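To convert, note that position 158 of the sequence shown is 157 in numbering that gives the first Met the number 0; the numbers rise steadily by one, no gaps. In this text, a Cβ means the ideal position worked out from N, Cα and C, and glycines have one as well. Owing to the predicted nature of the structure, the values given are computational and were not obtained by experimental measurement.
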Amino acid sequence: MHLEFKRLTQIKPADITALNNHPKVLQQMPLGSPDFDDGKSRNWAEEKDAQWEINGYGPWAFVIDDVFAGWGGLQKEGDDADLALVLHPDFWGTGKIICDEIIRHAFDEIHLTSITILLPLSRKVSRFITRYGFQPDGSVNYDGVDFRRFRLFSDHTDGHD
0 MHLEFKRLTQ IKPADITALN NHPKVLQQMP LGSPDFDDGK SRNWAEEKDA QWEINGYGPW
60 AFVIDDVFAG WGGLQKEGDD ADLALVLHPD FWGTGKIICD EIIRHAFDEI HLTSITILLP
120 LSRKVSRFIT RYGFQPDGSV NYDGVDFRRF RLFSDHTDGH D
């Protein structure tokens, strides 16, 4: 498997549209809606890429074996760097490899002290969260949807290796 991290603006808008409108993906994203089109995808990708200039970090596009697999990375949510991961169902199962790199980047390259993950109340806490050492850290509400927040500190033990 050859994994590349690219800017979202390097991805064809039609590929972003297909991912963000995919019914199985939308089941995992309570704030998502199936109304993406290529124009919205272009604007969305530009906004996501702008986070790199504004915050010093942002989301990437994930390309596996020359195929757009999804997007994610760190996004600023309030004072936190929040880890997001959205993969096409064909690439479910590659998340651990991708998350390992996102976490390494967060702590080893940009020297964040912690990162968060937000889970909607409808989602079970996965082994992923406990494997990496994320701890419960309250809840937040975005656009009327409640999320549980989990936090991982940079001094975490390396139990995920």
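query: What did DSSP end up calling P33 once you bin it into helix, strand or coil?
result: Against the sequence shown, residue 33 aligns to sequence position 34. The answer is coil: DSSP assigns P33 none of H, G, I, E or B.
query: Can F146 and L111 be called in contact, C-beta distance under 7 Å?
result: As a first step, residue 146 is located in the sequence shown; it is residue number 147 there, counting from the start. As a first step, residue 111 is located in the sequence shown; it is residue number 112 there, counting from the start. Against a cut-off of 7 Å, the Cβ pair of L111 and F146 comes out as no contact.
- prompt: Where do the N-terminal and C-terminal ends of the beta strand (DSSP E) with Y56 fall, by residue?
  reply: Translated into positions along the sequence shown, residue 56 becomes position 57. Per DSSP, Y56 belongs to no beta strand (DSSP E) and is neither H nor E.
- request: Taking L84 as part of the beta strand (DSSP E), name the residues at either end of that continuous run.
  value: Taking the sequence shown and counting its residues from 1, the one referred to as residue 84 is at position 85. From DSSP, the beta strand (DSSP E) with L84 extends over D79 to L86.
Neighbourhood of S138 by C-beta distance below 7 Å, restricted to the same chain and skipping five residues each side: For the purposes of this step, residue 138 is identified with residue 139 of the sequence shown, where counting begins at 1. D145, F146, R147 and R148.
- request: Taking 7 Å as the cut-off, decide whether the C-beta atoms of P88 and K23 are in contact.
  value: As a first step, residue 88 must be located in the sequence shown, where it is residue number 89. As a first step, residue 23 must be located in the sequence shown, where it is residue number 24. In contact: P88 and K23 (Cβ atoms closer than 7 Å).
query: Hey, would you say I15 sits closer than 7 Å to S32, going by beta carbons?
result: Counting from one through the sequence shown, the residue named residue 15 turns up at place 16. Counting from one through the sequence shown, the residue named residue 32 turns up at place 33. Contact flag unset, no.
task: List the whole-angstrom C-beta distance separating T161 from D48, where the pair is believed to meet the contact cut-off of C-beta under 8 Å.
output: The structure shown does not extend to residue 161, since the chain is modelled only from 0 through 160, so no value can be given for it.
message: On the criterion of 16 or more Cβ atoms from any shown chain inside 10 Å, does L2 qualify as buried, or is it exposed?
response: As a working note, residue 2 is residue 3 in the sequence shown. It is exposed - the Cβ of L2 has fewer than 16 other Cβ atoms within 10 Å.
query: Which first and last residues belong to the alpha helix (DSSP H) in which K95 is found?
result: Translated into positions along the sequence shown, residue 95 becomes position 96. Residues G94 to R103.
Endpoints, the beta strand (DSSP E) within which D136 is located: Taking the sequence shown and counting its residues from 1, the one referred to as residue 136 is at position 137. Segment Q134 to Y141, the beta strand (DSSP E) holding D136.
query: In the structure shown, what three-state DSSP assignment does D48 receive?
result: In the sequence shown, residue 48 corresponds to position 49, counting from 1. Helix.
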